[in-house]
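What follows is a set of notes on a single structure, which appears directly below.
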Amino acid sequence: DGGITQSPKYLFRKEGQNVTLSCEQNLNHDAMYWYRQDPGQGLRLIYYSQIVNDFQKGDIAEGYSVSREKKESFPLTVTSAQKNPTAFYLCASRDRGRYEQYFGPGTRLTVT
Amino acid sequence: GEDVEQSLFLSVREGDSSVINCTYTDSSSTYLYWYKQEPGAGLQLLTYIFSNMDMKQDQRLTVLLNKKDKHLSLRIADTQTGDSAIYFCAEGNFNKFYFGSGTKLNVKP
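Going down the list, the protein sequences come from chains A and B.
Mapping the first sequence onto my numbering, position 91 (from 1) lands on 94, and the numbers just tick up by one.
Mapping the second sequence onto my numbering, position 91 (from 1) lands on 368, and the numbers just tick up by one.
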């Protein structure tokens, strides 16, 4: 079964702690993305990576960091510098030469 | 970022057609997309249309694109209760995608 997995589905953290969200894909896609979704809003791009060992900031990268050491994995760290980290985080991937993105099931992060 | 606008809610009766509308601003987008999101889930790609087309049909789904007015619509024929979800319009090229805020479709039995 090919697809994108995100774990865990729900994550709870105390304010001031860093937390890492997992995203894995077995679609052999080159590009991967992280989005944030807030209630009643569209998706906003945090970071994206077109190739291993390379990534670019999206529109709201402040307070987040990523790595892309393997083609199939693109973890997102939400740092304590992110002022409003509670949100639904979505990972996506895209095949080279194709325009459409495919999404994982999401991780809901709650920081108290 | 670019602006993608959608109305927030649409309510229809089961068996009727639903039409969800979207306006966008970036005329350079190569493709425009419709995604469906069910509660607590990720986005499911429903369909997409190349920017030089004006219509695409895929089973119960019909996408209409008016490039002059930068208007995109999704028509769902014979709407079912299982179609109740949030529908997102998006535009983009490769690494820059812009999403609307979503239209919540409520299908009444």
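Where a beta carbon is used, it is the ideal one built from N, C-alpha and C, also for glycine.
Give a yes or no on whether 8 Å exceeds the smallest Cβ distance from B:Gly377 to chain A. For the purposes of this step, residue 377 of chain B is identified with residue 100 of the second sequence, where counting begins at 1. Yes, because at least one Cβ of chain A sits closer than 8 Å to the Cβ of B:Gly377.
Are the C-beta atoms of A:Ala64 and some chain B residue less than 8 Å apart? Locating residue 64 of chain A in the first sequence gives position 61, counting from the first residue. With 8 Å as the cut-off, A:Ala64 does not count as an interface residue toward chain B.
Give me the Cα-Cα distance between A:Gln104 and A:Arg71, rounded to the nearest whole angstrom. In the first sequence, counting from the first residue as 1, residue 104 of chain A sits at position 101. In the first sequence, counting from the first residue as 1, residue 71 of chain A sits at position 68. Between A:Gln104 and A:Arg71, the C-alpha separation is close to 18 Å.
Count Cβ pairs between the stretch 294-311 of chain B and the stretch 333-351 of chain B that sit closer than 8 Å; are there 3 or more? yes
If you measure from the beta carbon of B:Leu287 to each beta carbon in chain A, is any gap under 8 Å? Within the second sequence, the letter at position 10 stands for residue 287 of chain B. Judged by the 8 Å Cβ criterion, B:Leu287 is not in contact with chain A.
Chain B beta carbons: is any one of them nearer than 8 Å to that of A:Phe15? One-based indexing of the first sequence puts residue 15 of chain A at position 12. No, A:Phe15 does not count as interfacial toward chain B.
Do A:Leu46 and A:Leu93 have their beta-carbon atoms positioned less than 8 Å apart in this structure? Counting from 1 along the first sequence, the entry for residue 93 of chain A is found at position 90. Counting from 1 along the first sequence, the entry for residue 46 of chain A is found at position 43. Contact flag set, yes.
For the structure I just gave you, are there three or more beta carbon pairs, one from the stretch 368-379 of chain B and one from the stretch 279-288 of chain B, closer than 8 Å? yes
State the DSSP-derived secondary structure class of B:Thr356, mapped to helix, strand or coil. Along the second sequence, one-based indexing puts residue 356 of chain B at 79. Three-state result, B:Thr356: coil.
With a CB to CB cut of under 6 Å and the five nearest residues on each side skipped, what residues in its chain are close to A:Arg111? If you number the first sequence from 1, residue 111 of chain A lands on position 108. So the list reads Tyr13, Phe91, once near-sequence residues are dropped.
Is the beta carbon of A:Asp33 closer than 8 Å to that of A:Arg99? Taking the first residue of the first sequence as 1, we reach residue 99 of chain A at position 96. Taking the first residue of the first sequence as 1, we reach residue 33 of chain A at position 30. Closer than 8 Å, so yes.
Compare the beta carbon distance of B:Ala367 and B:Tyr310 with 8 Å and say whether it is the shorter of the two. Here residue 367 of chain B refers to the residue found at position 90 of the second sequence. Here residue 310 of chain B refers to the residue found at position 33 of the second sequence. For B:Ala367 and B:Tyr310, yes; Cβs fall inside 8 Å.
Could you tell me which of A:Gly6, A:Glu65, A:Ala64 sits nearest to A:Glu27, measuring between CA atoms? Residue 27 of chain A sits at position 24 when you count from the first residue of the first sequence. That would be A:Gly6, whose Cα lies nearest to the Cα of A:Glu27.
If we ignore side chains and look at the alpha-carbon of each, how far apart do B:Phe286 and B:Asn370 end up? Sequence index remark: in the second sequence, residue 286 of chain B carries index 9 (1-based). Sequence index remark: in the second sequence, residue 370 of chain B carries index 93 (1-based). Roughly 27 Å separates the two Cα atoms.
Starting from B:Phe326, trace the beta strand (DSSP E) both ways and give me its first and last residue. Translated into the one-based positions of the second sequence, residue 326 of chain B becomes position 49. The identity of residue 326 of chain B in the sequence shown is Ile, whereas the question assumes Phe. Start and end: 320-327.
Within-8 Å CB hit, A:Glu103 to chain B: Within the first sequence, residue 103 of chain A is the residue found at index 100, counting from 1. Taking Cβ atoms only, chain B reaches closer than 8 Å to A:Glu103, which makes this a yes.
Limits of the unbroken beta strand (DSSP E) element including A:Val55: Here residue 55 of chain A refers to the residue found at position 52 of the first sequence. A:Val55 -> no beta strand (DSSP E), and no H or E assigned at all.
What are the partner residues of A:Ile7, as DSSP defines its beta bridges? To locate residue 7 of chain A, count along the first sequence from 1; it is residue 4. The partner list for A:Ile7 (beta bridge, DSSP) reads A:Gln28.
By Cβ distance, which residues of its chain are closer than 6 Å to B:Leu341, with the 5 residues on each side in sequence left out? Taking the first residue of the second sequence as position 1, residue 341 of chain B is located at position 64. Excluding residues within five positions, the ones whose Cβ falls inside 6 Å are Met332, Ser350.
In whole angstroms, what separates the C-alpha of B:Asp346 from that of B:Asp303? As a position in the second sequence, residue 346 of chain B is number 69, starting the count at 1. As a position in the second sequence, residue 303 of chain B is number 26, starting the count at 1. The straight-line gap from Cα to Cα measures roughly 11 Å.
Please list the residues of the stretch 8-35 of chain A that have a C-beta atom closer than 9 Å to any C-beta atom in chain B, keeping them in chain order. Gln9, Lys12, Ala34
Residues in its own chain within less than 8 Å of A:Gly19 by CB, not counting five upstream and five downstream? Taking the first sequence and counting its residues from 1, the one referred to as residue 19 of chain A is at position 16. Closer than 8 Å at the Cβ level, and outside the excluded window around A:Gly19, lie Ser83.
For B:Asp335, the residue or residues it bridges with in DSSP: In the second sequence, counting from the first residue as 1, residue 335 of chain B sits at position 58. In DSSP, B:Asp335 forms a bridge with B:Leu338.
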